[in-house]
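Structure first, commentary second.
Chains as they are written, first to last, in this note's numbering: chain A, 1 to 195; chain B, 196 to 443.
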């Protein structure tokens with residue numbers, strides 16, 4: 001029942017929430033935190049595995065939303081997915097700097113948290129049943145396929161970095177990544193848009 | 196490349212691991228408003244967001260919410276207008292009620308007024324805290340920067356049960372990604388400074404910052420202020436530009 005209520009709240013509130021954030025209403029930020037704070041924290045903690053650092057990064061992510069909210073469409077924007085993208089990118093940036101990894105190796109992270117990409121997404125998606133379906137789909141993946149997905153998503157490793165870390169040829173890694181993504185698509189019933 | 200050749204790479208792009216030339220091609224398709232790639236990347240970003248939401252549940256500390264709100268709710272205003280603020284708040288309340296019932300086209304205005312009313316309420320609370328500290332019989336005060344021809348200068352008031360009030364002037368302007376952070380500096384060597392809130396100065400360099408709540412003045416040696424990144428810090432990362440030593 002709670003996820004359903006949260007989904008309804010999130011979907012109806014996203015538009016007014018964004019408009020109030022644009023008007024610099026601190027209460028809107030409090031409501032944004034109540035909707036997505038735990039989720040952002042859980043994601044970052046899974047990535048950095050340190051509670052104190054995770055809280056610092058969550059704070060950075062929320063401040064980034066606060067400071068950049070003018071760039072998201074007030075009528076069509078989906079603030080939850082955008083916030084999670086920012087949170088993930090903050091955590092990957094931290095992991096890269098703390099592990100001395102090459103920050104320019106393959107990933108242009110900032111490309112994926114442009115507010116313009118988060119328009120007209122399904123309302124309340126982060127509080128929907130699809131989260132459970134994705135989790136179930138991940139659990140169903142073959143171990144190597146699941147590992148490459150986790151390394152990509154939760155550690156921000158490029159395919160070359162995964163190859164070095166797992167001691168497998170780059171071609172094998174690419175095959176596993178492709179297969180994992182296809183399995184996820186199949187499980188979620190995603191059909192690639194036709195040209 | 197055409198959209199058909201790129202569709203296998205939308206998820207890789209969303210995960211941030213697409214390689215060249217596909218990454219550049221997708222970026223180029225998006226920049227020219229390609230609806231096929233736009234829809235594909237949007238769906239891939241939804242899947243990425245769902246992966247993020249599927250992380251094992253975890254509970255942040257209660258302080259995190261307060262920290263985040265403190266870091267954006269500390270806009271400074273001139274103080275000394277408690278009564279005026281109350282009158283303005285009352286007027287705004289009447290106006291907000293009027294607009295709320297009069298017509299749909301006034302809804303946005305009313306929402307804005309309610310926000311202002313809320314902000315005024317917060318400001319009144321902040322000034323009430325400042326007044327309580329200033330008027331407390333056990334409040335001690337310390338000056339800083341008095342000997343310097345150059346900023347910053349001002350006073351710190353510390354009340355054991357009501358909190359700390361900092362009044363400063365001539366604070367240098369910080370860059371947009373920086374913020375001032377106040378610290379309680381323990382007397383004992385080796386003990387770590389305790390964060391006491393984030394604040395910004397006004398355009399003219401004035402600032403009034405209140406950290407409400409009890410303070411153990413017997414163990415506190417000084418109040419300091421540093422410039423930190425916009426998210427604040429758990430320990431000072433720059434040399435303090437204000438240090439007010441407490442003598443009691």
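Ideal Cβ placement from N, Cα and C applies to all residues, glycine included.
Cutoff 9 Å: residue i Cβ touching any chain B Cβ
| i | result |
| --- | --- |
| residue 158/A | yes |
| residue 75/A | no |
| residue 171/A | no |
| residue 135/A | yes |
| residue 94/A | no |
| residue 99/A | no |
| residue 119/A | yes |
| residue 144/A | no |
| residue 141/A | no |
| residue 125/A | yes |
| residue 59/A | yes |
| residue 179/A | no |
| residue 166/A | no |
| residue 15/A | no |
| residue 37/A | yes |
| residue 188/A | yes |
| residue 115/A | no |
| residue 50/A | no |
CB contact check: residue i to chain A, cutoff 9 Å
| i | result |
| --- | --- |
| residue 247/B | yes |
| residue 423/B | no |
| residue 324/B | no |
| residue 241/B | yes |
| residue 439/B | no |
| residue 251/B | yes |
| residue 220/B | no |
| residue 405/B | no |
| residue 254/B | yes |
| residue 317/B | yes |
| residue 368/B | no |
| residue 371/B | yes |
| residue 237/B | yes |
| residue 410/B | no |
| residue 244/B | yes |
| residue 414/B | no |
| residue 288/B | no |
| residue 258/B | yes |
Close beta carbons around residue i, own chain, < 7 Å, minus the five adjacent residues each side
| i | result |
| --- | --- |
| residue 154/A | 46 and 47 |
| residue 138/A | 146 and 149 |
| residue 207/B | 213 |
| residue 22/A | 69, 70 and 74 |
| residue 115/A | 68, 71, 72, 77 and 82 |
| residue 43/A | 84, 87 and 88 |
Backbone secondary structure at residue i - three-state DSSP
| i | result |
| --- | --- |
| residue 337/B | strand |
| residue 350/B | strand |
| residue 362/B | strand |
| residue 24/A | coil |
| residue 70/A | helix |
| residue 198/B | helix |
| residue 273/B | Confidence in residue 273/B is poor, its pLDDT being 39 and thus under 50, which makes the residue's placement too unreliable to answer from. |
| residue 145/A | helix |
| residue 50/A | coil |
| residue 114/A | coil |
| residue 331/B | coil |
| residue 168/A | coil |
| residue 357/B | coil |
| residue 163/A | helix |
| residue 183/A | helix |
| residue 128/A | coil |
| residue 157/A | coil |
| residue 37/A | helix |
| residue 316/B | helix |
Sheet register partners of residue i (DSSP bridge)
| i | result |
| --- | --- |
| residue 119/A | 77/A |
Cβ-based neighbour list, residue i, same chain, cut-off 6 Å, excluding 5 preceding and 5 following
| i | result |
| --- | --- |
| residue 65/A | 83 |
| residue 396/B | 366 and 402 |
| residue 187/A | 137 |
| residue 350/B | 336, 338 and 362 |
Contact set for residue i: own chain, Cβ-Cβ below 8 Å, skip 5 residues either direction
| i | result |
| --- | --- |
| residue 27/A | 20 |
| residue 201/B | 217, 220, 221, 224, 232 and 235 |
| residue 40/A | 58, 61, 62, 83, 84 and 87 |
| residue 333/B | 354, 355 and 356 |
Continuous beta strand (DSSP E) assignments of at least 3 residues falling wholly in the region 368–408 of chain B: 373–381, 389–394 and 402–407
Unbroken stretches of the beta strand (DSSP E), 3 residues or longer, contained in the region 411–441 of chain B: 415–424 and 437–440
Segments of 4+ residues assigned as alpha helix (DSSP H) that fall wholly inside the region 201–274 of chain B: Listed in chain order, the complete alpha helix (DSSP H) runs (minimum 4 residues) inside the region 201–274 of chain B are 205–210, 217–226, 230–248 and 257–267.
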